[in-house]
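All remarks here apply to the structure that follows.
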Amino acid sequence: MSKFQAPKGVSEYFPDRSRYFEFVRETLIDSARRSGYQLIELPVFEDTELFTRGVGESTDVVSKEMYTFEDRGGRSITLRPEGTAGVMRSVIEHNLDRGQLPVKVWYSGQFFRAERPQLGRYRQFYQVGIEAIGLQDPEIDAEVIAVADSAFKKLGLKNYRLEITSLGDSQTREKYTKDLRSYISTLDLDEATLARASINALRLFDDKREEVRALMAGAPVLMDYLTSESSAHFDRVKECLKEFEIDFQINNRMVRGLDYYTGTAFEFVHQGLGAQSGIGGGGRYDGLMSQLGGADLSGIGFGLGVDRILLACEAEGIQLPPNLALQLFLVPMGELAKLPAVKLAQELRVAGLSVDVAYGNRALKGAMKAADKSGALFALVLGENEIASGLAELKNMRTGDSTSVTLRTLQEDLLKLF
RNA sequence: GUGGUCGUAGCUCAGCUGGUAGAGCAUCCGGUUGUGGUCCGGAAUGUCGCGGGUUCGAGCCCCGUCGAUCACCCCA
0 MSKFQAPKGV
10 SEYFPDRSRY
20 FEFVRETLID
30 SARRSGYQLI
40 ELPVFEDTEL
50 FTRGVGESTD
60 VVSKEMYTFE
70 DRGGRSITLR
80 PEGTAGVMRS
90 VIEHNLDRGQ
100 LPVKVWYSGQ
110 FFRAERPQLG
120 RYRQFYQVGI
130 EAIGLQDPEI
140 DAEVIAVADS
150 AFKKLGLKNY
160 RLEITSLGDS
170 QTREKYTKDL
180 RSYISTLDLD
190 EATLARASIN
200 ALRLFDDKRE
210 EVRALMAGAP
220 VLMDYLTSES
230 SAHFDRVKEC
240 LKEFEIDFQI
250 NNRMVRGLDY
260 YTGTAFEFVH
270 QGLGAQSGIG
280 GGGRYDGLMS
290 QLGGADLSGI
300 GFGLGVDRIL
310 LACEAEGIQL
320 PPNLALQLFL
330 VPMGELAKLP
340 AVKLAQELRV
350 AGLSVDVAYG
360 NRALKGAMKA
370 ADKSGALFAL
380 VLGENEIASG
390 LAELKNMRTG
400 DSTSVTLRTL
410 QEDLLKLF
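Have a look at this one:
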């Protein structure tokens, strides 16, 4: 065993599981592309203040989970704990919002939070996210939710549910929070719980203890405080989701970890992931952009946890589509065939085919086994006989049939097949 | 960050009240002068996470440490 180990709490993906990871990530991204979102590629570290101002000082993410360090120029730098603040920064910095609205972008990559690791909760985790900026229409809220939902359906996930709510505008929230706090102050709660409530009163709704849940049953409900505009917006979102045939559940006690959410908020929860059940979440943010020094534009987006979605797929026993990456596996027989084989492989690759070669001096049986393992669709043995005659057997690895081909026309023949 | 459980071959795990390691799968070779997936035979593989302690003797007991995992917390 090596003396080096991966740092605590990171997930790594290597063959063969990396193929599964890739499949999940690409499916998510594909769904975003299909709805007109374009890639925005951003740094994994930012000025610390971007997160303290954007995400909110009172959140756990900012107050105790950030990887913050000083760079050589004495700047305070933080590894991104979430994606939206960075996107806003870039949009403002490069005036992307000066053109046609909305700005629709997707991103993917690693995020960092210094938490105690658990299955599905990592210090470095992978997210795919989208943001649609500069549009108030409730239809775009539904679109964002639908991008995530259709990706999950494409993956074949079944045991998940979508929860939605509306958090209202900032004034509504203020008034509601005040009432909620005064309600909580009438309850008989221990000190730790009260401390939790003082940071974010909504969190008590999430408490795992039955007693606390029972006490909170009588608490005021945010939904009752919504202005008529907020209600109408939310109704329209729900209407759209129904039209899209996306099932959802209203959760008027949803707790979001980031301060900037207003209006529509949603969460995808998977059954069977233990305590870390959230596979994605997002919502609308009205004040974020102006707070970061940009125009007063609203936006909506989500972040999906690729690590957790992968776990969810595995939990549901979802099979990976067969590996179609390799089209041909070449098996040279004997020393004399080696150079012609690698030359042929290289020519075919340049022509656009995907080809691997059985290297090493393995017995034919071993080489064929390697061909099988590679997942290649075809195998071709190239020995002295083939080189002399210019004829070879092209074996279909799926069916086991082989057809006679001339080496001279192999390239065309293969290109015709794919 | 707090508490519990766990850490043995590449993987999944067995290993009795302490007597110096085993299975299945995977790998490699062969049964079939040059054709994989099944079957059969054979081979190779371990600082028993790491460091210390107790003991004649530690995979097993004790302490520390690293990691995973579960719950809390939090969330993707």
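Numbering (numbering that gives the first Met the number 0), first residue to last: 0 to 417.
Glycine included, each C-beta is placed from N, C-alpha and C at the ideal position.
Keep in mind that this is a model prediction, so the values were computed, not measured.
From which residue to which residue does the beta strand (DSSP E) around residue i run?
i    : result
V102 : 102-111
K394 : 390-395
R18  : No beta strand (DSSP E) contains R18, which is instead part of the alpha helix (DSSP H) from 16-33.
I278 : 277-284
D355 : 354-356
V404 : 401-405
Y66  : 66-69
Check this for me: beta carbons of residue i and residue j, under 7 angstroms apart or not?
i    : j    : result
T263 : D140 : yes
F377 : L327 : yes
I82  : R307 : One detail in the question is off: residue 82 reads as Gly in this sequence, not Ile. No; because the gap between Cβ atoms is not below 7 angstroms, this pair is not in contact.
L193 : L214 : no
G85  : E45  : yes
R112 : P137 : no
I91  : G293 : yes
A267 : G281 : According to the sequence shown, residue 267 is Phe rather than Ala. Not in contact: F267 and G281 (Cβ atoms no closer than 7 angstroms).
L352 : L413 : yes
A366 : V404 : no
L161 : F247 : yes
A336 : L381 : yes
A340 : V356 : yes
Y106 : I28  : no
L303 : V127 : yes
L41  : S89  : yes
A109 : V43  : The question names Ala, but residue 109 is Gln in the sequence shown. Against a cut-off of 7 angstroms, the Cβ pair of V43 and Q109 comes out as a contact.
Y121 : S30  : no
I317 : G55  : no
L462 : G133 : Past the edges of the chain, shown from 0 to 417, lies residue 462, and the structure says nothing about it.
L319 : Y19  : yes
Q410 : A350 : yes
K157 : T26  : no
T261 : D285 : yes
Y125 : V305 : yes
E64  : V104 : no
T47  : T77  : yes
Where does the unbroken alpha helix (DSSP H) through residue i begin, and where does it stop?
i    : result
R311 : Reading off the sequence shown, one finds Ala at residue 311, where the question assumed Arg. Segment 305-314, the alpha helix (DSSP H) holding A311.
D412 : 409-416
V146 : 137-154
I91  : 83-92
S169 : 169-184
S289 : 287-290
S373 : 363-373
V349 : 334-349
Run through the DSSP bridge pairs and tell me what residue i is partnered with.
i    : result
A378 : F328, K394
R120 : Q117
D46  : I76
G55  : G55 pairs with nothing; no bridge assigned.
S297 : Bridge partners of S297: none, in fact.
G128 : Y106, G302
L161 : F267
Q37  : V104
V9   : Q123
So does residue i have its beta carbon nearer than 6 angstroms to some heavy atom of the ligand GTP?
i   : result
E69 : The ligand GTP is absent from the structure shown, which contains no ligand whatsoever.
Problem set entry | Length at least 4, wholly inside the segment 194-263: the alpha helix (DSSP H) runs in chain order | 209-215, 227-242
Exercise. Counting Cβ pairs, one atom from each stretch, are 3 or more of them under 8 angstroms apart for the segment 179-192 and the segment 285-294?
Worked result: no
For this session: Would you be able to state if there are at least three C-beta pairs under 8 angstroms between the segment 154-173 and the segment 221-229?
Result: yes
Exercise. Quick one: any contact between the segment 385-396 and the segment 354-365, if contact means 3 or more CB pairs under 8 angstroms?
Worked result: no
Exercise. Is the segment 143-151 touching the segment 191-211, taking contact as three or more C-beta pairs under 8 angstroms?
Worked result: no
Problem set entry | Stretch-stretch touch, CB-based, cutoff 8 angstroms, three pairs: the segment 238-253 with the segment 26-37 | no
For this session: Would you check if there are 3 or more beta carbon pairs closer than 8 angstroms linking the segment 100-107 to the segment 58-72?
Result: no
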